[in-house]
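Chemist: Its first residue numbered 5, the sequence shown is counted upward by one per residue in my numbering. Ideal Cβ placement from N, Cα and C applies to all residues, glycine included. All of these numbers come straight from a predicted model, not from anything done at the bench. Okay, here's the structure, questions in a sec.
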Amino acid sequence: MAVDPTGEGLKRFLAEDPGGPVVMLNLLRFREGGEKSYARYSKTVGELILGRYDSEVLYYGKGSTALVAEDGQAWDAVLLVRYPSREVFARMVADPDFQAVAHFRSEALSEAVLQATVPLG
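Structure (structure tokens):
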């Protein structure tokens with residue numbers, strides 16, 4: 005299952021940039037015991053990295069009752085992060101400090117969706 009962005013996906017993400025801020029939707033499914041590893045990753049990114057890039061967590065919550073979903077489509081957690089632009093997001097994921105902790109995210113997750121959103125109206 006997909007967990008980390010690919011180079012090809014990042015190229016497409018940047019090529020399709022409509023301009024302006026971007027809110028990234030993260031749907032997260034943890035491996036057994038992965039919450040601890042993800043907490044280490046998110047603490048470091050939240051405290052040391054997001055601020056450098058004028059970015060912020062808008063929402064982070066645990067998945068609860070799925071009212072409309074096929075079996076296996078419920079997610080363990082949902083995260084929304086705002087970045088000033090897609091280019092800023094790309095610079096952040098290339099930052100050596102981010103790269104140093106990214107493995108905690110990879111180790112924590114069995115599956116993920118990382119999707120840019122575009123405001124309506």
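List the DSSP bridge partners of residue 66.
Modeler: 81
Chemist: Per DSSP, what kind of secondary structure is residue 96 in: helix, strand or coil?
Modeler: helix
Chemist: If you reduce the DSSP assignment to three classes, tell me which class residue 31 lands in.
Modeler: The answer is strand: DSSP assigns residue 31 an E or B state.
Chemist: Within the same chain, show all residues whose beta-carbon is closer than 6 angstroms to that of residue 65, passing over the 5 residues directly before and after it, in chain order.
Modeler: 82
Chemist: Could you spell out the range, first to last residue, of the beta strand (DSSP E) harbouring residue 118?
Modeler: 113–121
Chemist: Which partner residues does residue 87 have in the DSSP bridge list?
Modeler: 26
Chemist: Can you find the residues in the same chain that come closer than 6 angstroms, C-beta to C-beta, to residue 21, ignoring five residues on each side of it along the sequence?
Modeler: 90
Chemist: Compare the beta carbon distance of residue 106 and residue 41 with 8 angstroms and say whether it is the shorter of the two.
Modeler: no
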